[in-house]
Amino acid sequence: MRIILFGSPGVGKGTQAKIISNTLNIPHISTGDILRQAVEEQTPLGIAAQSAMKKGELVSDEIMISLIRDNLIQSKCSNGFILDGFPRNLLQAKELDELFDQLKINDARIVIISANEEEIVRRLTNRRACKNCSNILNYNDIKGLTACPICGAEESFYQRNDDKEDVIRNRLRIYKEATEPVLTYFQDKKNEIYINGLLTIDEVTKNIIDELEKAKGNKVIA
Ligand code: AMP
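Structure (structure tokens):
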């Protein structure tokens with residue numbers, strides 16, 4: 136199954152993508168995770184991306200499109216994938232369509248998770264990431280803990296720079312300006328699935344899986 140997970144920063148895409156990737160046994164392609172790792176390792180990709188990421192701005196389309204192409208052509212993606220964080224603007228959406236055409240992919244499903252802005256700011260400022268496994272945890276759930284409850288790494292929690300409030304506000308503004316227009320582009324194709332992101336993690340997962348089941352066989356991207 137090929138899934139594009141879409142929604143504003145903080146809506147729970149990363150959390151859901153990891154669960155669905157495990158449940159459906161398909162690779163999770165998170166552009167944000169790939170970039171953060173590249174920054175950490177100071178690869179040429181990381182060096183090129185780091186200043187935009189620090190400010191919560193978008194990394195150049197050229198870099199992102201080639202990153203997605205490099206991932207989707209790999210054999211690990213031949214039976215499916217879940218894309219998280221791409222496309223982020225209209226150009227990326229159109230380039231993805233072209234790439235899908237070239238790869239003869241015509242069954243991708245677009246899952247759109249939504250939540251209101253206040254809740255998103257509250258969630259993002261409260262979240263912490265584990266440096267070792269990159270899982271996202273809620274600050275209240277890890278208060279007093281020294282080890283990550285998922286991978287066991289010691290003293291590995293940190294607040295991502297792009298989860299600080301001023302950066303979050305900037306990311307939400309960019310989402311509205313650059314990314315939301317992609318929704319209209321998807322709507323023209325009339326194959327998207329809408330999910331309420333304000334429910335519990337388990338409820339959101341169940342709703343996504345149920346809707347994907349219902350939509351089975353539908354063509355999402357022409
Ligand atoms: P995320 O974890 O998906 O919120 O991504 C973190 C940061 O990586 C974003 O704020 C951007 O700076 C960069 N990024 C991730 N995906 C993209 C993309 N498709 N286009 C441009 N920049 C991206």
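The working numbering puts the first residue of the sequence shown at 136, with every later residue one more than the last. Where a beta carbon is used, it is the ideal one built from N, C-alpha and C, also for glycine.
Check: residue i C-beta below 6 Å from any heavy atom of the ligand AMP
| i | result |
| --- | --- |
| Leu-170 | yes |
| Pro-284 | no |
| Met-136 | no |
| Thr-178 | no |
| Ala-228 | no |
| Thr-166 | yes |
| Ala-187 | yes |
| Leu-193 | yes |
| Gly-279 | no |
| Pro-144 | yes |
| Gly-181 | no |
| Arg-262 | no |
| Arg-223 | yes |
| Gly-220 | yes |
Residue j beta carbon less than 7 Å from that of residue i
| i | j | result |
| --- | --- | --- |
| Thr-281 | Ile-154 | no |
| Ile-248 | Ile-330 | yes |
| Ala-243 | Arg-137 | yes |
| Arg-257 | Tyr-274 | no |
| Lys-148 | Asp-219 | yes |
| Glu-327 | Ile-245 | yes |
| Val-174 | Gln-185 | yes |
| Gly-164 | Asn-224 | A small correction: the amino acid at residue 164 is Ile; Gly does not occupy that position in the sequence shown. Not a contact, by the Cβ cut-off of 7 Å. |
| Ala-183 | Ile-198 | yes |
Euclidean distance between Cα positions of residue i and residue j
| i | j | result |
| --- | --- | --- |
| Gln-294 | Pro-162 | 25 Å |
| Ile-208 | Gly-279 | 43 Å |
| Glu-346 | Leu-334 | 15 Å |
| Ser-143 | Asn-270 | 18 Å |
| Phe-361 | Leu-259 | Residue coverage of the chain in this structure runs from 136 to 357, which leaves residue 361 outside it and unanswerable. |
| Phe-235 | Asp-323 | 17 Å |
| Glu-348 | Ser-210 | 25 Å |
| Glu-176 | Asn-305 | 26 Å |
| Val-146 | Ala-250 | 6 Å |
| Arg-171 | Pro-222 | 17 Å |
| Ile-217 | Gly-191 | 23 Å |
Start-to-end residues for the alpha helix (DSSP H) that takes in residue i
| i | result |
| --- | --- |
| Ser-249 | Not the alpha helix (DSSP H): Ser-249 falls in the beta strand (DSSP E), residues 244-249. |
| Arg-258 | 252-260 |
| Ile-198 | 196-207 |
| Glu-300 | 300-309 |
| Glu-346 | 336-350 |
| Asn-157 | 148-159 |
| Leu-272 | Segment 271-273 is the beta strand (DSSP E) holding Leu-272; no alpha helix (DSSP H) there. |
| Ile-328 | Ile-328 -> not in any alpha helix (DSSP H); beta strand (DSSP E) instead, spanning 327-331. |
| Asp-323 | 316-324 |
Nearest candidate by alpha-carbon position, reference residue i, set the options
| i | options | result |
| --- | --- | --- |
| Glu-289 | Asp-298, Cys-268 and Asp-297 | Cys-268 |
| Ser-291 | Leu-272, Gln-151, Leu-202 and Lys-239 | Leu-272 |
| Arg-204 | Val-246, Glu-230 and Arg-223 | Glu-230 |
| Lys-299 | Ile-336, Lys-189 and Ile-217 | Lys-189 |
| Gln-227 | Lys-351, Ala-350 and Glu-315 | Glu-315 |
| Ser-201 | Asn-214, Cys-212 and Leu-180 | Leu-180 |
Range covered by the beta strand (DSSP E) that runs through residue i
| i | result |
| --- | --- |
| Ser-165 | 163-165 |
| Asp-219 | 216-219 |
| Ile-139 | 137-141 |
| Glu-233 | From DSSP, Glu-233 is part of no beta strand (DSSP E) but of the alpha helix (DSSP H) over 225-237. |
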